[in-house]
Structures are given as structure tokens and as C-alpha cells.
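Participant: Protein chains in written order, with the numbering used here: chain A, 1 to 115; chain B, 116 to 225.
Note that CB positions come from ideal geometry on N, CA and C, so glycine has one too.
From a predicted model like this one, the values you see are computed outputs, not experimental measurements.
1) So is residue 71 of chain A buried or exposed if we call it buried at 16+ other beta carbons inside 10 Å?
2) Would residue 44 of chain A count as contacting chain B if we go by Cβ distances under 8 Å?
3) Write down the C-beta distance between residue 127 of chain B and residue 224 of chain B rounded to the nearest angstrom, noting that I regard them as a contact closer than 8 Å.
4) With respect to the beta strand (DSSP E) encompassing residue 155 of chain B, which residues constitute its N-terminal and C-terminal limits?
5) By how many angstroms is the C-alpha of residue 50 of chain A removed from the C-alpha of residue 100 of chain A?
6) Touching or not, the region 180-196 of chain B and the region 129-149 of chain B, by the rule of three or more beta carbon pairs under 8 Å?
7) Got a sec, what are the start and stop residues for the beta strand (DSSP E) residue 135 of chain B sits in?
8) If we count the other Cβ atoms within 10 Å of its Cβ and call it buried at 16 or more, is residue 39 of chain A buried or exposed?
9) Would you grab the beta carbon distance between residue 42 of chain A and residue 21 of chain A for me? Rounded to a whole angstrom, and I think it's under 8 Å.
10) Over what stretch of residues does the beta strand (DSSP E) that includes residue 129 of chain B continue unbroken?
11) DSSP three-state label for residue 172 of chain B, please.
12) Going by DSSP, which residues form a beta bridge with residue 205 of chain B?
13) Along chain B, in chain order, which residues have C-beta atoms closer than 8 Å to that of residue 32 of chain A?
14) Relative to the C-alpha of residue 46 of chain A, which candidate in A:113, A:74, A:54, A:91 has its C-alpha closest?
15) Looking at chain A, which residues of the region 139-161 of chain B have a Cβ within less than 9 Å of any of its Cβ atoms?
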């Protein structure tokens, strides 16, 4: 149980394009989903927290107009990197939690490379 | 001071050795503590939660020291397959957000 999927697993795009990443909880309803970014040899940095049906809460320093998050259902959240630039190249990982549980279950991540 | 600090390593140990990592934190209101294992270019996977009284899972033992504000992970009888980066994660009071440490890299050598 508690499986989270992400799609795509990797993407290469040109500078200026937008990229959408999907995060799905496959066998549970995700009360909250989290989006993280991890640069090489660095830790996971929380970008935003999203609750189903409400606006995402962004961490300080994360541009909400650049990283659009939609959490339209209890099993799906999407992150759209708008007008991507090479500095946005990173490993994007989502996680999800169920009900009142504090445990987060992580998706396999999406490796984004912007040329 | 960073909210969560870990020695990045790498810790190079021979097979069969015992190795321990610490993770210090600055927010005394932290309520939940976890150790994750992350392999290269993969997502983190939960290794174990850390309970106030300490807990053990096979070769792995986790402890929490609230007074000194750190958690520890002890690995006994290291295996080659234990080579990975070990991340600590903390959850705050009244929030479900995690804050991760930068991770400690472990290499178990044959």
C-alpha cells in the first residue's frame, strides 16, 4: 500500500517552455501533497504544500507564479514549471500523506533538464 | 544555525562494522522524527520513525535526545547494500511539513 507515482520520470525541454509533472496517490486518498526540489548533493527543499481543493502554500523564496500547483482531487496533484530556465533543472519529488498520519510517502521523482 | 544539520560524510566503513550518524536540530518544538534512506538518483525511502524511547529494527537503532536536540541512527553489522545517503527529517508542531537534513553518505566497503 501507500504507493505514489510521478509522471514523467524524466524530461528534457528547451528554455522558455513549460513542463507539467503529475503526482498520483495510487491506493489511498492524499489529504495533503508536498512538492520538493533537490539539487545535486543537496537536501530535499520543500517548495509548497497543497491540500485538495485549496490553494497551495508556498515556502519562502518559491515563486508561486512560476511553479503552479493544482490539487484538484484527492489522488492527483500537478506541478507546472512555467517558462523553464536552465537553473530550474533539478530533481522534483512529490510526497503525499493520508488523513491524520504524519508519515509522507514519496513518489519516484522527476528529473528535469532545461537546455 | 541551520534548522537541521548532518555531517555529509562520506563515512567509509568495512563490511560488518558498526556505524552511527547524528542529526542535530534547532527547533525544540519539533514533534516527529524520521530517518530516510536515499539511493543515488532515487526518491527517499522511509527507514524508520524515531520514538522518544528509542527503537530498533533489525540492525538499525534510532534514538532521540530531546535535551541535546539530536537524533541518531546506529547501523550494526554493515552490509554492502547499506551504502546510501541517510537523511533525517523532522516534523514540526501543528504542521505536517518535513524539514530534511542534507544527508550523510555511507559507503560500506568489501
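Facilitator: Considering the structure as presented:
1) buried
2) yes
3) 6 Å
4) Premise fails: residue 155 of chain B is in no beta strand (DSSP E) and is neither H nor E.
5) 15 Å
6) yes
7) 134-140
8) exposed
9) The pair is not a contact, with the Cβ atoms about 19 Å apart (cut-off 8 Å).
10) 126-129
11) strand
12) B:148, B:214
13) 211
14) A:91
15) 146, 147, 149, 151, 153, 156, 157, 158, 159, 160, 161
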